[in-house]
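Numbering follows the UniProt record's numbering, with no gaps: position 90 of the sequence shown is 90. Yeah, the Cβ is synthetic: ideal placement off N, Cα and C, and Gly gets one too. Taking it in order: structure first as structure tokens, then the write-up.
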Amino acid sequence: MKFVNLSKKFTILSVFFGVLAFGQFPDDFRLWVHYNDFERGDVLERMYIQKEAIKAVKNGQNLPDQTIIMLEELYTQGAKKGEVRRYITMQKNNKKWEFYAFNADKSPNLSDTKRCLDCHQDSLDREDIVFTLENIKNYQGNLE
Numbered sequence: 001m002k003f004v005n006l007s008k009k010f011t012i013l014s015v016f017f018g019v020l021a022f023g024q025f026p027d028d029f030r031l032w033v034h035y036n037d038f039e040r041g042d043v044l045e046r047m048y049i050q051k052e053a054i055k056a057v058k059n060g061q062n063l064p065d066q067t068i069i070m071l072e073e074l075y076t077q078g079a080k081k082g083e084v085r086r087y088i089t090m091q092k093n094n095k096k097w098e099f100y101a102f103n104a105d106k107s108p109n110l111s112d113t114k115r116c117l118d119c120h121q122d123s124l125d126r127e128d129i130v131f132t133l134e135n136i137k138n139y140q141g142n143l144e
């Protein structure tokens, strides 16, 4: 019987398909700061970010490398109201932003994230221009 080491192959596929190559789904995101909600069509987008990232912005610094902005989409209508539709992460990697999508069960969503990039491209050409940067700067909650 021959055993095959799949870890290298999985890593290559992960990079190719847009799964976080330097980490998994951020299971601890609910411990982060819930800093914004936005209703778009039949979904509510809840946005989370690490406390350290908000502290940096409030101190006049750029968002740190490896900052993750987590978008949790919840259905707002119908039989699935309140259930998670999907998750999207926006991760800063060497001054560039990368998008990754996950299904409601937190498995990688292999759909093309080009749609995210197309909409955000103008803001991505500059290091820390994200659509919700003002919400991050103006966050008034507890950061301890």
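Where the beta strand (DSSP E) containing residue i begins and where it ends
i	result
E45	V43 to I49
F25	Taken as a continuous stretch (DSSP letters only), F25 belongs to no beta strand (DSSP E), as it is neither H nor E.
R30	Here R30 belongs to no beta strand (DSSP E), and DSSP marks it neither H nor E.
Element boundaries [alpha helix (DSSP H), containing residue i]
i	result
L74	L74 -> not in any alpha helix (DSSP H); beta strand (DSSP E) instead, spanning I68 to Y75.
Residue i burial status per 10 Å Cβ neighbour count (16 or more: buried)
i	result
K92	buried
E72	buried
L110	exposed
N62	exposed
F10	For F10, the predicted structure reports a pLDDT of 41, less than 50, and the residue's modelled location is therefore unreliable. The matter cannot be settled from this model.
P64	exposed
N138	exposed
residue 155	Since the displayed the chain opens at 1 and closes at 144, residue 155 lies outside it and no answer follows.
N36	buried
For residue i, three-class secondary structure by DSSP
i	result
E52	helix
E98	strand
K80	coil
F3	Model confidence at F3 stands at a pLDDT of 42, short of 50, so the residue's coordinates are unreliable; what they give is reported in the following sentence. Correct three-state label for F3: coil.
K92	strand
V130	coil
N138	coil
Through-space distance from residue j to residue i, alpha-carbon basis
i	j	result
K51	K80	31 angstroms
G78	I68	30 angstroms
Y75	F38	12 angstroms
N103	D28	16 angstroms
R40	N59	31 angstroms
Candidates the options, of which the one nearest residue i by Cα
i	options	result
F131	Y87, L143, W97 and F25	W97
A53	S107, W32 and P26	W32
V43	F25, R85, N59 and N142	R85
H34	M70, I88 and K55	M70
I136	K106, N94, P26 and I49	I49
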